[in-house]
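Chains A and B supply the protein sequences, listed in that same order. The opening residue of the first sequence carries number 1 in this note's numbering; numbering runs sequentially from there. The opening residue of the second sequence carries number 195 in this note's numbering; numbering runs sequentially from there. Even glycine gets a Cβ: it sits at the ideal position worked out from N, Cα and C. Just so it is clear, the structure is predicted and the values come from calculations on it, not from any experiment. Everything below concerns the one structure shown next.
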Amino acid sequence: MFATLRLILVTLGGVLLGLGSAWWAVGNVHLDGAQTIGQWSVLEDNAKANPYEAARAARRGGGGLGPSEGIELITEVSADNKPLQAACAYLVSGPMPQGVLWTLTVSDRDGHLPSNPARRFGFTSLDAMAFGAARQVRISLGREVRPGDFVATTGLSSLRLTLRLYSPTLAARAPGRDQLPSVTSLGCDQGAAS
Amino acid sequence: MIDTGLRWFAATLCIAGLTHIGAILLTPSHSRDLAFTGIDFSTADGTLVRVDNSNTSADLDPAFLNAVCRFDEDTGPVRLTGTMPGTYWSIAAMSDDGRILSTLSREDLRGSDIDLMIGRTATLDAARQSAGLGSLDTMSLPVDQGFVLLRLFAGGLDDRSLAQEAFEGLECRPALSE
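Structural data, given as structure tokens:
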């Protein structure tokens, strides 16, 4: 009786541990050696040989970029390595790869877009303001409207930034850390985040 | 007693490991978020179906006009024809589980007119011969079924109208139906 109960507990525990670790592994882009550039992680939906990437692509529902299209970078952390929170405001600032069509999209971790009347979900290389000789961007995001390029994060429960660079050249040779912007915190709603 | 405890612990880890491996390997084929399998293609009739966050869970760029076309054993290879806009565009062939199999972008083709046949490698030549088609661009895939995803840049108002205009003129039909 005791042995049977122990067998059931061990089996159940093993299955739960296996499923939990699989769920965590698929959600963690850093686990299986995914390429990172500063705070940005490179998503590789075309990495067919990597079962974790295949599972990750299936969980995202597909739609990633192929090698002749460009590369897709995501970040869910700020420059000081703290998780991005929907209740906080952030500034995306710094350079972008020159001469390349890029888009920056704000969503939650499941890919849901913010609900704002302007249907502004991010910026692109064609509509973002660029400053200085290095043509640096300054895009703020949060729940309270801010001057300049701004994306409202209304309706999001978590935060993810996706930077897509449409260039086969960059897909073959990823941009350096000094070619990408960083994400810094501008503060949080009182009581909403620590 | 310690030996017995260790044995049970090792057994738990073994079961966890097998479950972990099984879950990772089975996810692509059993994911509930399969790329575009929930889209209704019955009314498409030779046109591509627009997709956005209202009818797919796929993680698509909202700055683009995205549209898909289905191919499977019944349709055989499909032929995508039309005129692409002057802005950035790309075409990706994907498997049912959302993995990208082959891609093509504006840089790969000369000119804006497109005539592209997409399908399994073995069926492309047969389709080309039986349909009496001359030289046209092909996208050879290792699978019989999947989706063709078209992305047209529509970041600004002008880009959106150009993308919409190009989208309306594009056709995606079974190559053997002509």
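Please report the residue range of the beta strand (DSSP E) in which residue i lies.
i	result
residue 149 of chain A	149-152
residue 314 of chain B	307-314
residue 276 of chain B	272-277
residue 136 of chain A	136-142
residue 93 of chain A	88-94
Relative to the C-alpha of residue i, which residue among the options is closest?
i	options	result
residue 165 of chain A	A:55, A:131, A:103	A:103
residue 258 of chain B	B:265, B:244, B:264, B:251	B:244
residue 97 of chain A	A:183, A:169, A:5	A:169
residue 157 of chain A	A:100, A:118, A:106, A:20	A:106
residue 163 of chain A	A:72, A:85, A:57, A:36	A:72
residue 147 of chain A	A:129, A:57, A:60, A:51	A:129
residue 286 of chain B	B:318, B:239, B:313	B:313
residue 52 of chain A	A:92, A:112, A:21, A:69	A:21
residue 111 of chain A	B:279, B:346, B:291, B:252	B:252
residue 40 of chain A	A:160, A:187, A:167, A:1	A:160
residue 248 of chain B	A:115, A:177, A:184	A:115
residue 331 of chain B	B:291, B:236, B:296, B:309	B:309
residue 360 of chain B	B:291, B:283, B:320	B:283
residue 365 of chain B	B:233, B:343, B:337	B:343
residue 136 of chain A	A:167, A:50, A:178, A:69	A:178
residue 150 of chain A	A:90, A:180, A:134	A:90
Please classify residue i as buried or exposed, where buried requires at least 16 other C-beta atoms within 10 Å of its C-beta.
i	result
residue 175 of chain A	buried
residue 145 of chain A	exposed
residue 299 of chain B	buried
residue 12 of chain A	exposed
residue 194 of chain A	Because the pLDDT of residue 194 of chain A is 44, which lies under 50, any placement of that residue in the model is unreliable, and the question is left without a value.
residue 323 of chain B	exposed
residue 362 of chain B	exposed
residue 208 of chain B	exposed
residue 154 of chain A	exposed
residue 333 of chain B	buried
residue 215 of chain B	exposed
residue 288 of chain B	buried
residue 304 of chain B	exposed
residue 8 of chain A	exposed
residue 132 of chain A	exposed
residue 349 of chain B	buried
residue 94 of chain A	buried
residue 117 of chain A	exposed
residue 369 of chain B	buried
residue 56 of chain A	buried
residue 316 of chain B	exposed
In the DSSP assignment, what are the bridge partners of residue i?
i	result
residue 42 of chain A	A:73
residue 166 of chain A	A:101
residue 245 of chain B	B:260
residue 37 of chain A	A:40
residue 106 of chain A	A:161
residue 130 of chain A	A:137
residue 286 of chain B	B:297, B:343
residue 368 of chain B	B:272
residue 230 of chain B	Paired residues: none, contrary to the question.
residue 332 of chain B	B:311
residue 183 of chain A	A:92
Just curious, the alpha helix (DSSP H) that residue i is in, first and last residue?
i	result
residue 207 of chain A	Nothing can be reported for residue 207 of chain A: it is not among the residues displayed for chain A, which extend from 1 to 194.
residue 293 of chain B	Premise fails: residue 293 of chain B is in no alpha helix (DSSP H) and is neither H nor E.
residue 351 of chain B	351-363
Handout entry: Inter-stretch contact (C-beta, 8 Å, three-pair minimum) for the region 137-144 of chain A and the region 273-291 of chain B
Key = The region 137-144 of chain A is not in contact with the region 273-291 of chain B.
Handout entry: Cβ contact (3+ pairs, closer than 8 Å) linking the region 120-136 of chain A and the region 75-83 of chain A
Key = no
Practice task
Count the C-beta pairs between the region 200-213 of chain B and the region 260-272 of chain B that are closer than 8 Å, then say yes if the count reaches three, no if not.
Solution key: no
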